[in-house]
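Using our numbering, read the sequence shown as starting at 846 and increasing by one per residue.
Ideal placement from N, C-alpha and C gives every residue a C-beta, glycine not left out.
Fair warning: this is a prediction, and the values are worked out from it, not measured in the lab.
Below you'll find the structure, written out as structure tokens, and then a few comments.
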Amino acid sequence: MYVTGPNPDAANHSPPEVENSPAMGRDIADPQIDPASNALAADVVTEAPTVAVENPYTPEQLAVIEEIAEEASSMFCVDATFQPSGELKDASINTKGWPINTIAMLDGEKKVCLPCEGFTIHETIDGYVWLMESVVAMAPGRKLCDIKFIIGDGIFAAETILTKLGIEDTCHVILDHHHLLILEIGSWPKAFGLNLFLHLKEDLTLMVKSTTFTAYQQALESARAKLCNHPDQKHAKYLERHIHSMRHLFANHIIQKFAGHLNFQGNAPAETNHASIVARIGSLVMEPVTLIESLMERHFSISSERNHCILVCHVRCQALAVQSTDVATREALKGLSS
């Protein structure tokens, strides 16, 4: 679905409906990319021909499946596409100043799905608030308090989005590790300067990646020792005020204690969707209305591909079930084909 508007006040208006668009957390995304490994994958969200067979799953198995789906759908990975970099530097995105804001999620099989994409004039917290409120408005049975994690870059560091959405007691912000540490665009290289950051990089990386408090504390003390005699003490203050005091937003040894975190360390699903947009549409130098049309056509195309994949899977399972002589195997295959 696409929601567009110049400011977050537009959230009070009903977003346009898209034919055959599924509910929140079951939207269509590029089936070719797995967010965790970048491996080829094809997840399908559609209704398929059913076969009247007994449910092959036990109540315990069903409970686990439902729990996985619930945890995955409570995580929002958010980002906005502006000028691309690296391998995509020749592609022009949003040169007219219309960032494509993506809210990406994972389905029960940890495949990328999109509850919403939208346009705002600038990338702002209010814009993301509007988009997330729009997602919930388009998803029957969902509430803002169902969002357990918001994963993004430094724009969310102040956690004001939680207060604006009224979910500060039920949701965590997780900062993308890539946007903290990478030399080209990272927040910390910009704050410390390239030379000093390279001197601190090993310690800062350990503070982010360490899975124990002891390892984190050792890295912190090492960074403090390197900065204590630095002529510009603003860097030591930055370490304390903007890194150590905000460690709950990025430190693995803290995040791993959050129920349902799924070992996420960044907003790869949102970045994956951006790559899919460029691969499917190419140069995006066009008027916003034309771009929306192209993006919607992209979704319909991906949906058709997924429908084909799931239908092929169901037909193959039905054929194998007919051939199987083992009762348990036959019933399991019938369950997969339903």
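On the criterion of 16 or more Cβ atoms from any shown chain inside 10 Å, does residue i qualify as buried, or is it exposed?
| i | result |
| --- | --- |
| Gly-963 | buried |
| Arg-1086 | exposed |
| Gly-1011 | exposed |
| His-1153 | exposed |
| His-1144 | buried |
| Ser-1146 | exposed |
| His-1119 | buried |
| Lys-1082 | exposed |
| Asp-1171 | exposed |
| Glu-1116 | buried |
| Pro-1076 | exposed |
| Lys-956 | buried |
| Ala-1104 | exposed |
| Pro-1114 | buried |
| Ser-1090 | exposed |
| Gln-1068 | The displayed chain sequence assigns Ala, not Gln, to residue 1068. With 16 or more Cβ atoms within 10 Å of its Cβ, Ala-1068 is classed as buried. |
| Ala-1003 | exposed |
| Ala-874 | For Ala-874, the pLDDT reaches just 39, beneath the cut-off of 50, and the residue's location in the model is therefore unreliable, although a value from the coordinates is still provided. Buried. |
Residue i lies in the alpha helix (DSSP H); which residues open and close that run?
| i | result |
| --- | --- |
| Phe-1058 | 1058-1072 |
| Phe-1037 | 1032-1037 |
| Leu-1007 | 1005-1010 |
| Ala-1081 | 1079-1083 |
Taking 7 Å as the limit between beta carbons, can you name the residues of its chain near residue i, skipping five residues before and five after?
| i | result |
| --- | --- |
| His-1080 | Phe-1037, Leu-1041 and Leu-1072 |
| Ala-1173 | none |
| Thr-1050 | Leu-1026 |
| His-1044 | Lys-1071 |
| Arg-1175 | Ala-1166 and Ser-1169 |
| Cys-990 | Ile-1012 and Thr-1015 |
| Thr-988 | This sequence places Lys at residue 988; Thr is not what is there. So the list reads Val-981, once near-sequence residues are dropped. |
Starting from the C-beta of residue i, find all residues in its chain whose C-beta is less than 6 Å away, skip the five residues before and the five after it, and write them out in chain order.
| i | result |
| --- | --- |
| Glu-1047 | none |
| Glu-899 | In this prediction, Glu-899 scores a pLDDT of 45, lower than 50, which makes its location untrustworthy; no coordinate-derived value is stated. |
| Ile-970 | Thr-1005 and Ile-1006 |
| Leu-1094 | Val-1018 and Leu-1020 |
| Glu-968 | Ala-925 and Pro-944 |
| Asp-872 | Any answer about Asp-872 is weak, because its pLDDT of 36 lies below 50 and its placement is not dependable; what the coordinates show is given next. Answer for Asp-872: Cys-958, Leu-959 and Pro-960, listed in chain order. |
| Arg-1125 | Arg-1143 |
| Phe-1001 | Val-1018 |
Name the two residues that bound the continuous beta strand (DSSP E) containing residue i.
| i | result |
| --- | --- |
| Ile-945 | 945-951 |
| Phe-964 | 957-964 |
| His-1017 | 1017-1020 |
I'd like the list of long-range same chain contacts for residue i, defined as Cβ closer than 8 Å, with 5 residues on each side in sequence excluded.
| i | result |
| --- | --- |
| Pro-1034 | Leu-1026, Ile-1027, Leu-1028 and Phe-1042 |
| Leu-1178 | Cys-1162, Gln-1163, Leu-1165, Ala-1166 and Ser-1169 |
| Leu-1039 | Leu-1028 |
| His-1098 | Ser-1055, Thr-1056, Thr-1057, Phe-1058, Ala-1060 and Tyr-1061 |
| Gln-1101 | Thr-1056 and Asn-1108 |
| Asp-998 | Asp-924, Leu-1020, Asp-1021, His-1024, Ser-1032 and Asn-1112 |
| Ala-1096 | Met-1052, Val-1053, Ser-1055 and Tyr-1061 |
### Task
Can you check the stretch 1100-1165 for any alpha helix (DSSP H) of at least 4 residues that lies completely inside it and give the ranges in chain order?
For the stretch 1100-1165, whole alpha helix (DSSP H) runs of length 4 or above, ordered along the chain, are 1113-1126.
### Query
Would the stretch 1155-1167 and the stretch 977-996 be scored as touching if the rule is three or more Cβ pairs under 8 Å?
Under the 8 Å Cβ criterion, the stretch 1155-1167 does not count as touching the stretch 977-996, having fewer than three qualifying pairs.
### Query
Would you say the stretch 1022-1036 touches the stretch 1058-1072, given that touching needs at least three Cβ pairs under 8 Å?
No, they do not touch.
### Task
Could you tell me whether the stretch 988-1002 touches the stretch 1108-1123, where touching means 3 or more Cβ pairs closer than 8 Å?
Judged by Cβ distances under 8 Å, the stretch 988-1002 makes contact with the stretch 1108-1123, as three or more pairs qualify.
### Query
So, do the stretch 1118-1138 and the stretch 1012-1019 have three or more beta carbon pairs nearer to each other than 8 Å?
When Cβ pairs closer than 8 Å are counted between the two stretches, the stretch 1118-1138 is seen not to touch the stretch 1012-1019, the count staying below three.
### Task
Scan the stretch 960-999 and note each continuous alpha helix (DSSP H) run of 4 residues or more that stays entirely inside, going in chain order.
Fully contained in the stretch 960-999 are the following alpha helix (DSSP H) runs of length 4 or more, in chain order: 970-982.
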